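Below is one structure, written out as structure tokens, with a few remarks after it.
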Amino acid sequence: MGKKVALTGNEAAAHAIRQINPDVIAAFPITPSTPIPQAVAQFIADGLMDTELVTVESEHSAMSACIGAAAAGGRVMTATSANGYALMWEMLYIASGMRLPIVMSVVARALSAPLNIHGDHSDIMGGRDTGWIQLIAENSQEAYDTLIQAVKIAEHKDVMTPALVAQDGFNISHAIEIWELEDDNKVKEFIGDYEPLYPLLNTDEPITHGAWAPPNWYFEHKMNQLKGLLNAKDVVKQVGKEFGEAFGREYGLYEAYKLDDAEYVIVAAGSVCGTTKDVVDNLRENGVKAGLLRIRLFRPFPFGEIAEALQSAKAIAVLDRVSPAGAQGGPLFSEVRSALYDTSTRAPIINYTYGLGGRDTQPKHINSVYETLKKIVETGKIEKQFDCLNLRGEWR
Amino acid sequence: MAEKLLNWDEVLIGATIKDPGNSKSYETGSWRVERPVWNPDTCIQCMFCWVYCPDSSILVDENGKMAGIDYDHCKGCGICVEQCPTKPKSLKMILESEAKGKTLKELRKEAFSK
Ligand code: SF4
Ligand code: SF4
Chain A
93 MGKKVALTGN EAAAHAIRQI NPDVIAAFPI TPSTPIPQAV AQFIADGLMD TELVTVESEH
153 SAMSACIGAA AAGGRVMTAT SANGYALMWE MLYIASGMRL PIVMSVVARA LSAPLNIHGD
213 HSDIMGGRDT GWIQLIAENS QEAYDTLIQA VKIAEHKDVM TPALVAQDGF NISHAIEIWE
273 LEDDNKVKEF IGDYEPLYPL LNTDEPITHG AWAPPNWYFE HKMNQLKGLL NAKDVVKQVG
333 KEFGEAFGRE YGLYEAYKLD DAEYVIVAAG SVCGTTKDVV DNLRENGVKA GLLRIRLFRP
393 FPFGEIAEAL QSAKAIAVLD RVSPAGAQGG PLFSEVRSAL YDTSTRAPII NYTYGLGGRD
453 TQPKHINSVY ETLKKIVETG KIEKQFDCLN LRGEWR
Chain B
1382 MAEKLLNWDE VLIGATIKDP GNSKSYETGS WRVERPVWNP DTCIQCMFCW VYCPDSSILV
1442 DENGKMAGID YDHCKGCGIC VEQCPTKPKS LKMILESEAK GKTLKELRKE AFSK
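Protein sequence lines correspond, in order, to chains A and B.
According to my numbering, the first sequence is numbered sequentially starting from 93.
According to my numbering, the second sequence is numbered sequentially starting from 1382.
Have a look at this one:
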């Protein structure tokens, strides 16, 4: 039986890693994810896991060591944040291109400059096209649950693609929440043993990893890789269901919160969704048909399912915890709006940037978004397609 | 050996290679700007060139002796010439453009007669 614990999001990730007990972890400390490898090191020192913890001199080396260990045939995990994730950049593409099912816990944080160690999605959104599966958790429980699922998803024979599970820096990573820690053996049983496809260490069947592909081969390999990533969508669904059967908490591609008949809909990802749910509850009590679509699987983006889920909406606001950086809206906005382009109901849709560098987002800010959506439906006019939440000075 | 070009859904996952040694079918010699020419008359069979060649392009005969250059794979880096200890050197670099259409014998004569 699982037991209720009051621990931080980082500790949730560390306990998931302890129970998964991977063969190798190579990690370099960076705020706010440092407590994860730190706790893992303690678990190893206490004899609670027998993982080989490789301490390296940078995140580039951390991911490189993970790639080597995974190619050798090990089950491999790591954790990072922000600039550390950015330093892995080159190796992220190599991990996904080599189809190594590494699982990484990312505690999402702002990227410098200006230097800031607090939460936002600049890191994970910057790496959204590195070919990794990206799952974004709302809270500690989901960060824990999803890391366990991610092992099964990444290692699935039709997928064989690395996966990251993100949780929001500080909002989740350093906040103590009550969540359910499952039984060690039950988790082990759920993920099962890892049987690598082509381990380098199998000398009976020699294999080359990391060879080069000239122009007459590269394209085919990249499209083969894409198929593996796309296959993850069905596997995420299937594993989320299996997880529900085993532990009583089922997960899908996204979470629909009072969405069925919702007219005013917010689409967001991460910890802000907790605040949004509270606001939705309040609005519903007052007869306002508010709803939330929480993105859980961001890569591969389940565009068909998400467009379908937004069909009842009369107006939509997408919240991005990252600067659009010159694009027509943030990454979530671009995906959602693009998904809706192919459907008959194309509700007016607006975009907000919020929470950069740990900026607080409170119920009153979320409330103002729903107010704006109501106004759009009443007047039929969008005044601002892009705006900021809780920014000093009006954005124009 | 001509390689069989596979479709995207036929290639091995992660661009892994199951048949070791298939780099033999990739002729890196086509990149060459200069080629080493070998002079068996002054060669002392020290095998330095064989040790240092980064592309395993020094041919060795059944008696373990230096037997020439594998021009299908030699990239023309010149390391073998650099390492050759004889005076004068028993390997010399020649521009590909000047080697064109000439036999090995003619090339040797040109390179080492002076
Ligand atoms: S030129 Fe370079 S590649 Fe060619 S035989 Fe000499 S050392 Fe090898
Ligand atoms: S290095 Fe020079 S002398 Fe030695 S084997 Fe090669 S060609 Fe002959």
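By construction, the Cβ of each residue, glycine as well, lies at the ideal position given by its N, Cα and C atoms.
These figures come from a predicted structure and were not determined experimentally.
Contact criterion: CB-CB distance below 7 Å. Does residue i meet it with respect to chain B?
i, result
"Ile-225 (chain A)", "no"
"His-266 (chain A)", "no"
"Arg-167 (chain A)", "no"
"Pro-254 (chain A)", "no"
"Ala-305 (chain A)", "yes"
"Asn-316 (chain A)", "yes"
"Pro-193 (chain A)", "no"
"Glu-182 (chain A)", "no"
"Ile-299 (chain A)", "yes"
"His-457 (chain A)", "no"
"Met-190 (chain A)", "yes"
"Tyr-446 (chain A)", "no"
"His-313 (chain A)", "yes"
"Tyr-286 (chain A)", "no"
"Tyr-356 (chain A)", "no"
"Tyr-185 (chain A)", "no"
So that I know if they touch, is there some Cβ in chain A lying closer than 7 Å to that of residue i?
i, result
"Gly-1370 (chain B)", "This structure gives no information on residue 1370 (chain B), because the portion of chain B shown stretches from 1382 to 1495."
"Trp-1412 (chain B)", "no"
"Pro-1435 (chain B)", "no"
"Pro-1469 (chain B)", "no"
"Val-1392 (chain B)", "yes"
"Trp-1419 (chain B)", "no"
Just reading off the alpha helix (DSSP H) that residue i is part of, what are its end residues?
i, result
"Arg-429 (chain A)", "423-433"
"Met-315 (chain A)", "307-339"
"Trp-1507 (chain B)", "Missing from the structure shown is residue 1507 (chain B); chain B here goes from 1382 to 1495 and no further."
"Ile-216 (chain A)", "214-218"
Between which two residues does the beta strand (DSSP E) harbouring residue i extend?
i, result
"Ala-255 (chain A)", "255-260"
"Gly-1449 (chain B)", "1447-1450"
"Leu-389 (chain A)", "389-391"
"Val-492 (chain A)", "Only positions 93 to 488 of chain A appear in this structure, which leaves residue 492 (chain A) out of reach."
"Ala-348 (chain A)", "346-349"
"Val-357 (chain A)", "356-360"
"Lys-1473 (chain B)", "1472-1476"
"Leu-1440 (chain B)", "1439-1441"
In angstroms with no decimal places, state the Cα-to-Cα distance between residue i and residue j.
i, j, result
"Arg-515 (chain A)", "Lys-369 (chain A)", "Since the first residue of chain A shown is 93 and the last is 488, residue 515 (chain A) is not available in this structure."
"Pro-129 (chain A)", "Gly-362 (chain A)", "22 Å"
"Met-1447 (chain B)", "Ala-119 (chain A)", "48 Å"
"Arg-1413 (chain B)", "Tyr-1433 (chain B)", "18 Å"
"Lys-1456 (chain B)", "Glu-1477 (chain B)", "11 Å"
"Tyr-462 (chain A)", "Val-357 (chain A)", "8 Å"
"Gln-111 (chain A)", "Tyr-343 (chain A)", "20 Å"
"Ile-441 (chain A)", "Trp-304 (chain A)", "44 Å"
"Pro-1401 (chain B)", "Leu-292 (chain A)", "13 Å"
"Pro-392 (chain A)", "Val-428 (chain A)", "13 Å"
"Val-148 (chain A)", "His-210 (chain A)", "24 Å"
"Met-1382 (chain B)", "Met-155 (chain A)", "In this prediction, Met-1382 (chain B) has a pLDDT of 44, which is less than 50 and means its spatial position is unreliable; nothing more can be read from the coordinates."
"Ile-468 (chain A)", "Ala-133 (chain A)", "53 Å"
"Gly-472 (chain A)", "Tyr-346 (chain A)", "28 Å"
"Tyr-433 (chain A)", "Val-359 (chain A)", "16 Å"
"Val-116 (chain A)", "Val-168 (chain A)", "5 Å"
"Glu-1491 (chain B)", "Lys-1481 (chain B)", "13 Å"
"Ile-268 (chain A)", "Val-97 (chain A)", "9 Å"
"Lys-1486 (chain B)", "Pro-1417 (chain B)", "13 Å"
"Gly-139 (chain A)", "Asn-113 (chain A)", "11 Å"
"Glu-1443 (chain B)", "Ile-225 (chain A)", "53 Å"
"Ala-235 (chain A)", "Cys-365 (chain A)", "14 Å"
"Ala-382 (chain A)", "Lys-333 (chain A)", "27 Å"
"Pro-59 (chain A)", "Tyr-1407 (chain B)", "Since the first residue of chain A shown is 93 and the last is 488, residue 59 (chain A) is not available in this structure."
Taking C-beta pairs closer than 9 Å, name the residues in chain E that residue i reaches, listed in chain order.
i, result
"Pro-1401 (chain B)", "Absent from the structure is chain E; the protein chains it does hold are A and B."
Should the segment 272-289 of chain A be regarded as contacting the segment 322-342 of chain A, the criterion being three or more beta carbon pairs within less than 8 Å? With contact defined as three or more Cβ pairs closer than 8 Å, the segment 272-289 of chain A and the segment 322-342 of chain A are in contact.
Beta strand (DSSP E) runs wholly inside the segment 1398-1425 of chain B, at least 3 long, in chain order: 1415-1419
Between the segment 152-166 of chain A and the segment 95-107 of chain A, do three or more beta carbon pairs fall short of 8 Å? Touching, no.
Unbroken beta strand (DSSP E) runs of length 3 or more, entirely within the segment 432-477 of chain A: which are they? 441-445
With a floor of 4 residues, list each alpha helix (DSSP H) that falls wholly inside the segment 113-198 of chain A, ordered by position along the chain. 127-137, 151-164, 174-179, 181-189
Would you be able to state if there are at least three C-beta pairs under 8 Å between the segment 384-402 of chain A and the segment 222-239 of chain A? Because the criterion of three Cβ pairs below 8 Å is met, the segment 222-239 of chain A and the segment 384-402 of chain A touch.
Could you check whether the segment 306-323 of chain A touches the segment 259-276 of chain A, counting it as contact only if at least three pairs of C-beta atoms, one from each stretch, sit closer than 8 Å? no
Decide yes or no for the touch test of the segment 431-445 of chain A against the segment 1392-1404 of chain B: beta carbon pairs closer than 8 Å, at least 3 of them. no
Using 8 Å as the cut-off, can you tell me whether the segment 422-433 of chain A makes contact with the segment 394-410 of chain A, which would need three or more C-beta pairs spanning the two stretches below that distance? These segments touch.
Extract the residue ranges of the beta strand (DSSP E) inside the segment 362-414 of chain A, only unbroken runs of 3 or more that lie entirely within it. 382-387, 389-391, 407-412
Cβ contact check for the segment 479-488 of chain A and the segment 393-408 of chain A: 3 or more pairs under 8 Å: no
Is the segment 312-325 of chain A touching the segment 1407-1426 of chain B, taking contact as three or more C-beta pairs under 8 Å? no
Going along the chain, which unbroken runs of the beta strand (DSSP E) with 3 or more residues stay wholly within the segment 237-298 of chain A? 255-260, 268-273
Below 8 Å, how does it come out for the segment 253-265 of chain A and the segment 183-198 of chain A: are there three or more Cβ pairs, yes or no? Yes, they touch.
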